[in-house]
Amino acid sequence: MLFSFLLLFYKNKLNLLTLADDNIKTLGVNLKALKLVICLLALLLTSCVISVVGTIGFVGLLAPHIAQKLVGKDNRVKIIACMAVGSILLLLSDLVSRVVLCPAETPAGLIIAMLGSPYFLYLAISKK
Numbered sequence: 001m002l003f004s005f006l007l008l009f010y011k012n013k014l015n016l017l018t019l020a021d022d023n024i025k026t027l028g029v030n031l032k033a034l035k036l037v038i039c040l041l042a043l044l045l046t047s048c049v050i051s052v053v054g055t056i057g058f059v060g061l062l063a064p065h066i067a068q069k070l071v072g073k074d075n076r077v078k079i080i081a082c083m084a085v086g087s088i089l090l091l092l093s094d095l096v097s098r099v100v101l102c103p104a105e106t107p108a109g110l111i112i113a114m115l116g117s118p119y120f121l122y123l124a125i126s127k128k
């Protein structure tokens with residue numbers, strides 16, 4: 001939780017990373033320090049999440065794409081939307097995994113992968 005709040009502290013500076021490096025330096029932002037802090041926060045968040053829930057890779061790939069379609073490219077809003085979309089995806093996949101084979105339980109990561117694969121095929125085809 002603490003690292004999520006730290007990431008929200010940097011949400012305004014994340015939009016700067018969409019600019020060219022020279023433009024960011026012109027604004028007076030220490031680009032190396034910003035990139036280092038963002039990478040460290042991403043590393044800490046990822047390691048904390050994986051240590052708690054295990055590897056559910058497609059959530060990290062699906063949630064940002066779905067959130068961007070819902071709220072646009074502004075990182076200040078997209079960070080919170082990614083958290084919400086990722087949570088909803090995991091809750092729904094856990095619900096489906098518990099209900100489909102009632103006495104047994106399929107892994108939630110399998111359900112996410114079954115949803116994620118067709119979605120990424122759709123993204124790949126629609127980009128062409």
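The sequence shown: position 126 = 126 (the UniProt record's numbering), numbered continuously.
The C-beta atom is built at its ideal place from N, Cα and C for all residues, glycine as well.
What you are looking at is a predicted structure, and each value in this text was computed from that prediction instead of being measured.
TODO: Can you give me the start and stop residues for the alpha helix (DSSP H) that residue 119 sits inside?
DONE: For the purposes of this step, residue 119 is identified with residue 119 of the sequence shown, where counting begins at 1. Residue 119 -> alpha helix (DSSP H) spans 108 to 127.
Open item on the list: Closer than 8 angstroms is the cut-off here; do at least three beta carbon pairs connect the stretch 31 to 44 with the stretch 93 to 102?
Closed with: Counting Cβ pairs under 8 angstroms, fewer than three are found: no touch.
TODO: Out of 19, 114, 22 and 64, state which residue places its alpha-carbon closest to the alpha-carbon of residue 87.
DONE: Numbered from its first residue, the sequence shown carries residue 87 at position 87. Nearest C-alpha to residue 87: 64.
TODO: Can you give me the Cβ contacts of residue 113 inside the same chain, cut-off strictly under 7 angstroms, excluding the 5 residues immediately before and after it?
DONE: Numbered from 1 along the sequence shown, position 113 holds the residue referred to as residue 113. Closer than 7 angstroms at Cβ, skipping near neighbours: 58.
TODO: Within the same chain, show all residues whose beta-carbon is closer than 7 angstroms to that of residue 11, passing over the 5 residues directly before and after it, in chain order.
DONE: Residue numbering aside, residue 11 sits at position 11 when the sequence shown is read from its first letter. Excluding positions up to five away in sequence, the list reads 75, 76 and 79.
Open item on the list: Looking at the secondary structure, which residues open and close the alpha helix (DSSP H) in which residue 84 lies?
Closed with: Taking the sequence shown and counting its residues from 1, the one referred to as residue 84 is at position 84. Note, residue 84: alpha helix (DSSP H), 75 to 100.
TODO: Identify whether residue 103 lies in helix, strand or coil by the three-state DSSP scheme.
DONE: Residue 103 sits at position 103 when you count from the first residue of the sequence shown. Residue 103 sits in coil when the DSSP states are folded into three classes, being neither helix nor strand.
Task: Spatial distance of residue 44 from residue 5 (CA atoms) - done: Sequence index remark: in the sequence shown, residue 44 carries index 44 (1-based). Sequence index remark: in the sequence shown, residue 5 carries index 5 (1-based). When the Cα atoms are used, residue 44 and residue 5 turn out to be separated by approximately 12 angstroms.
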